[in-house]
Amino acid sequence: MDFLRPTTLAEALAAKAERPDLVPIAGGTDVMVELNFDHRRPPGLLDLTGIAELARWSADGDVLRVGAAVPYARIVQDLGDRLPGLAMASRTVGSPQIRNRGTVGGNLGSASPAGDTHPVLIAGDAVVEVASARGARSIPADEFYLGVKRSALEPDELITAVRLAAATGPQQFAKVGTRNAMVIAVCSFAVSLHPERLRVGAAVGSAAPTPRRASAAEEFLSAELTSAGLWESREPLPDSVQRRFGELVAEAASPIDDVRGSAAYRRHALAVLARRSLGWAWREHSGGGNERCA
Amino acid sequence: MSQPVRTPTDLTSAVAGGVGESPQRPDGNLKVRGEFAYSSDLWHEDMIWGATLRSPHPHARITGVDLTEALKVPGVHAVLTHADVPGANACGVEQRDQPVLAVDVVRYQGEPVALVGADHPETARRAMERIVVDYEVLEPVVDAEAAARGECAPLHASGNVVRHVPVRRGDQSATAEVVVTGRYEVGMQDQAFLGPESGLAVPAEDGGVDLYVATQWLHVDQDQVASALGLPLEKVRLALSGVGGAFGGREDLSMQVHACMLALHTRKPVKMVYNREESFYGHVHRHPAVLHYEHGADRDGKLVYVRAKIYLDGGAYASSTAAVVANAATLGIGPYDVDNVTVDCWGVYTNNPPCGAMRGFGAVQAGFAYESQMDRLAGVLGLDPVEVRLRNAVREGSTMPTGQVIDSAAPVAELLELVRDRPLPAATGGELDLRQMPGGVSNTTHGEGVVRGVGYAVGIKNICFSEGHDDYSTARVRLEVVGGEAAALVQTAACEVGQGLVTVVQQIVRTELGVQRVSVLPMDTSIGNAGSSSASRQTYVTGGAVKSACAAVRARVLELYSRQTGTGPAEVGRLGAELRGGKLVSSHDVLADLADVLGGDAVDETAEWRHRPTEPIDPETGQGNAHVQFGFAAHRAVVDVDVELGLVKVVALDCAQDVGRALNPQAVLGQIQGGSAQGLGLAVMEEIRTKDGKVRNPSFTDYLIPTVLDVPPMGVDVLERADPHAPYGLRGVGEPPTISSTPAIVAAIRAATGLPLTRVPVRPEHITGT
Ligand SMILES: Cc1cc2nc3c(=O)[nH]c(=O)nc-3n(C[C@H](O)[C@H](O)[C@H](O)COP(=O)(O)OP(=O)(O)OC[C@H]3O[C@@H](n4cnc5c(N)ncnc54)[C@H](O)[C@@H]3O)c2cc1C
Chain A
0 MDFLRPTTLA
10 EALAAKAERP
20 DLVPIAGGTD
30 VMVELNFDHR
40 RPPGLLDLTG
50 IAELARWSAD
60 GDVLRVGAAV
70 PYARIVQDLG
80 DRLPGLAMAS
90 RTVGSPQIRN
100 RGTVGGNLGS
110 ASPAGDTHPV
120 LIAGDAVVEV
130 ASARGARSIP
140 ADEFYLGVKR
150 SALEPDELIT
160 AVRLAAATGP
170 QQFAKVGTRN
180 AMVIAVCSFA
190 VSLHPERLRV
200 GAAVGSAAPT
210 PRRASAAEEF
220 LSAELTSAGL
230 WESREPLPDS
240 VQRRFGELVA
250 EAASPIDDVR
260 GSAAYRRHAL
270 AVLARRSLGW
280 AWREHSGGGN
290 ERCA
Chain B
0 MSQPVRTPTD
10 LTSAVAGGVG
20 ESPQRPDGNL
30 KVRGEFAYSS
40 DLWHEDMIWG
50 ATLRSPHPHA
60 RITGVDLTEA
70 LKVPGVHAVL
80 THADVPGANA
90 CGVEQRDQPV
100 LAVDVVRYQG
110 EPVALVGADH
120 PETARRAMER
130 IVVDYEVLEP
140 VVDAEAAARG
150 ECAPLHASGN
160 VVRHVPVRRG
170 DQSATAEVVV
180 TGRYEVGMQD
190 QAFLGPESGL
200 AVPAEDGGVD
210 LYVATQWLHV
220 DQDQVASALG
230 LPLEKVRLAL
240 SGVGGAFGGR
250 EDLSMQVHAC
260 MLALHTRKPV
270 KMVYNREESF
280 YGHVHRHPAV
290 LHYEHGADRD
300 GKLVYVRAKI
310 YLDGGAYASS
320 TAAVVANAAT
330 LGIGPYDVDN
340 VTVDCWGVYT
350 NNPPCGAMRG
360 FGAVQAGFAY
370 ESQMDRLAGV
380 LGLDPVEVRL
390 RNAVREGSTM
400 PTGQVIDSAA
410 PVAELLELVR
420 DRPLPAATGG
430 ELDLRQMPGG
440 VSNTTHGEGV
450 VRGVGYAVGI
460 KNICFSEGHD
470 DYSTARVRLE
480 VVGGEAAALV
490 QTAACEVGQG
500 LVTVVQQIVR
510 TELGVQRVSV
520 LPMDTSIGNA
530 GSSSASRQTY
540 VTGGAVKSAC
550 AAVRARVLEL
560 YSRQTGTGPA
570 EVGRLGAELR
580 GGKLVSSHDV
590 LADLADVLGG
600 DAVDETAEWR
610 HRPTEPIDPE
620 TGQGNAHVQF
630 GFAAHRAVVD
640 VDVELGLVKV
650 VALDCAQDVG
660 RALNPQAVLG
670 QIQGGSAQGL
680 GLAVMEEIRT
690 KDGKVRNPSF
700 TDYLIPTVLD
710 VPPMGVDVLE
720 RADPHAPYGL
730 RGVGEPPTIS
740 STPAIVAAIR
750 AATGLPLTRV
760 PVRPEHITGT
């Protein structure tokens, strides 16, 4: 097996153009598991950890650009205030060791329906930046995922960054797993309030072949908040609205029965997660304090 | 041939302290720093790698095996099948019913079919892909109850019942005012040790083989390996390598014979290491169980009778099923005094993964059921769950359902009172800390849906081997002057599997011989059998052997003294001479310096030591003094349950246990904490899930074990009620806490949810009903 370690993006893209069968490796927390389990025998690995520009994040006005190879630990440490949803999701990934190595680029590259950052990227209307020797393009997060572990990435492309707006309102991420740390999502949910656009973002993970936007739930809630003037009044959300939101989120999913949980449980749990996390987000919006915590 | 490198010599380095102290274990720092040499780290110049081709089917006939293409792969040294097994193609820890390599039928998914020896693991993998095995797939037998009733095609010539143990005591048709019944299920738990099966076989000049391996019992391995290789015992020498956990999962053979076959065939050292997935197929698991119980009591909650039918799924081969059945049957009603008992326990063959020894060994499965029943009874009578247990608890002098009278301390009531009377943890509140919440850092609740529950349980376990087994250990102790100071050397074949035996053994020698310098020889088969590091027995039995060898050494030293000084043996006896602080002392005087008495002589004694004999049980009635000692532990669990999501946070898990005498209090605590954590795993997450005989989660991605955020603080009360029959009065400590932990946690979840919860592990769906 070949091992290439380019130090610039241009070099990496050239290598990928020449040999699209090279498998990129960033933190290696998915790639190495696949190799160990013998699920994959790539002819070569393209190590991205030598490329400084992929491991940086930057702010351009209100938009943050997070390099594909920025590890979760840095997102938690540096971006918790501006990208709270992404930081919360990052905090739930694996263990400290995994968060020191694992990256959003890798999460996207694997495109597992259970990846924790996906619902956050969709709810936050993130854009995935990809590049190849042919040029660069931007893919809206909810168009990136095509199927179980399949994405819109072309064989000669690399993910370079995700771009998303700094939070203008509260964000929450919650996932259900059957132990209290280091667990793969049985199902997960992200919600972002965008008061300046009078919009709500909501997405589910691990409950369909791909992470998925809960469009009906988004529209329902955005409309309710706007028509009742709640964005400005910041009054408590009616229980019925929270419940309906939960139901619509659950309806967005098309889960399966597997060894991690039943389809019925996933649907049920999503409704609960959506209702609760909306409640936390709304309390924060109403000035009830920060619902993000240790 | 030269020695392998990366053998765990550091295990045998000296520690300080005598019996009752808690010296730091020699392997502790190394393990924490990642520097300890495990069996998977073994290395030998010139070695090749062995790999195992396994059956993908739970049940199939093998209609053909073609090795041609595999043998052509460059770098392949050998491809072997059952035809190459030099001796008996049969192994098994109790019954030799399992082939070393499958012949014409495979009985479980993962059963070894062929072996490859190659210059690199990757070469071996490629060669394995080129072995063609033709299978005619057969219907798997997967229902243990149906197998017990004889409704399935027999998987072995003897039929599908490995063993049926009935226990009959008192009036078989007793009736009672209050009756509670229940059907309970226990899922298949895995030992989940972190060090995969591995070892190194080195062919020897004499035509024999030296095997370096992680195991629990060197001599039972040696026996089976020699028989499979067709070699006399002395040509098959085993040495213990670094063991990365065992919990029962290393009592059966895994790669031992395979590596030796390849080594003898290729005349090269052969290393084998399972990967994590293979490890799930490479060792036995805890028997899953279905248990039907009926408890009859009077209005005061005093038990009148207990009836139970217990079905244990042994999977494809017997392993230790027969002994597990006996435990579940004889301990099947728990530590309760009941006059009328009818228990039937069956262990059966199916095409599920083979099951055998795991910490708690049959007592765990029964414990979940009888403790659930006690809570039901308390519920029906409106009694406090501790109270109903206190009213029925056995004590010293009580009679077990087998007719055996408990003849040492049985402070069951006191253990329950100890956990009951501990202060309860404060309610979760104040500033939100997700780590304290059900769901943990995954951010599923900030308090919504969270209900607290408290539950209790107590359990009983037999310590040491039972049913008339000749249970003994062998120890050698040598005392001589080294550098002007008396120093001792101790040797046994007892496996250090992480429990801290090498530390305890040194403590015993230091205490018995009054010397500071004690070293331990590596554990191997050059000395006699020590029995298994299982059944909570090793400190008892090997500790007893070491103590006995020390006594023999002391007697020899006194003889020397007697001869040197002309003091008659009777006089020496009257002086009450002892060895202490490097001296020979009487009750009031220093008689001599030990170094002077020894001079240039070495005193070297080997002792074989047995605990008092036990009896077989009557096959019709289960009556007999089958057990040598009983261990008891009680737990109180406090849980927070998110009743809407079905997620559980165990908030506190307090334990009280009688250990007779804590030879090493720190190690005792470690056993209680570890055992409790393993019981927690079974309560809320750990299960090998199978479908039609196939394992669905052979990885730590989906076989979940508790993390530090799942295991709560534990308040532990250790009682020391000496057992006069045991060395130092000790009582085996490793297993009892695993038994009561699980039912206590489930009782607490029931208290929080009001649900019956009759199956472990409890999954979120069981709580939410979705
Ligand atoms: C113990 C453990 C626990 C885990 N827990 C979680 C968890 O809780 N939640 C979760 O979501 N995940 C979890 N994971 C999975 C994994 O850590 C994440 O998916 C992580 O984001 C992968 O990032 P990485 O940098 O390590 O990716 P890598 O393993 O390096 O790569 C993953 C995939 O992405 C591709 N890739 C990587 N970078 C790029 C790029 N720039 N352009 C194109 N393709 C790229 C690779 O080729 C590969 O296909 C866990 C893994 C382990 C081992």
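Chains as they are written, first to last, in numbering that gives the first Met the number 0: chain A, 0 to 293; chain B, 0 to 769. Just so it is clear, CB atoms sit at the ideal spot from N, CA and C, and this is done for glycine as well. From a predicted model like this one, the values you see are computed outputs, not experimental measurements.
DSSP three-state assignment for residue i, whether helix, strand or coil
i: SER532(B); result: coil
i: PHE244(A); result: helix
i: HIS56(B); result: coil
i: LYS771(B); result: The shown model of chain B, from 0 to 769, leaves out residue 771(B), and the question about it has no answer.
i: ASP205(B); result: coil
i: MET127(B); result: helix
i: ILE405(B); result: coil
i: VAL18(B); result: coil
i: ALA293(A); result: Note on ALA293(A): pLDDT 41, under 50, position unreliable in the model; no value is reported.
i: CYS463(B); result: coil
i: SER472(B); result: strand
i: GLN190(B); result: coil
i: CYS549(B); result: helix
Distance between beta carbons of residue j and residue i, contact taken as under 8 Å
i: LEU708(B); j: ALA180(A); result: 4 Å
i: THR167(A); j: PRO139(A); result: Wrong, their Cβ atoms sit about 18 Å apart, outside the cutoff.
i: SER465(B); j: THR91(A); result: That pair is no contact at about 47 Å.
i: SER278(B); j: THR6(B); result: Contact doesn't hold; Cβ gap of about 21 Å is too wide.
i: GLY198(B); j: MET271(B); result: 6 Å
Proximity below 9 Å, CB of residue i to CB of residue j
i: VAL283(B); j: VAL161(B); result: no
i: LYS301(B); j: ARG390(B); result: yes
i: ALA86(A); j: LEU47(A); result: no
i: SER586(B); j: GLY575(B); result: yes
i: GLY778(B); j: GLY674(B); result: Here chain B comprises residues numbered 0 to 769, so residue 778(B) is not present and cannot be evaluated.
i: LEU277(A); j: GLY245(A); result: yes
i: ALA113(B); j: LEU66(B); result: yes
i: GLN364(B); j: ARG421(B); result: no
Interface flag, residue i vs chain B, CB-CB below 9 Å
i: VAL32(A); result: yes
i: SER205(A); result: no
i: SER94(A); result: yes
i: GLN170(A); result: no
i: LEU3(A); result: no
i: ALA251(A); result: no
i: ILE183(A); result: yes
i: THR6(A); result: no
Run of the alpha helix (DSSP H) containing residue i, from where it starts to where it stops
i: ASP420(B); result: 411-420
i: THR620(B); result: No alpha helix (DSSP H) contains THR620(B), which DSSP labels as neither H nor E.
i: PHE279(B); result: 275-281
i: HIS765(B); result: 763-767
Contact with chain A by residue i, beta-carbon distance below 9 Å
i: ARG32(B); result: no
i: GLY497(B); result: no
i: GLY673(B); result: no
i: VAL650(B); result: no
i: MET254(B); result: no
i: ARG275(B); result: yes
N- and C-terminal bounds of the beta strand (DSSP E) containing residue i
i: THR6(A); result: Element bounds for THR6(A): n/a, residue is neither H nor E.
i: MET271(B); result: 269-272
i: GLN170(A); result: 170-175
i: VAL640(B); result: 628-641
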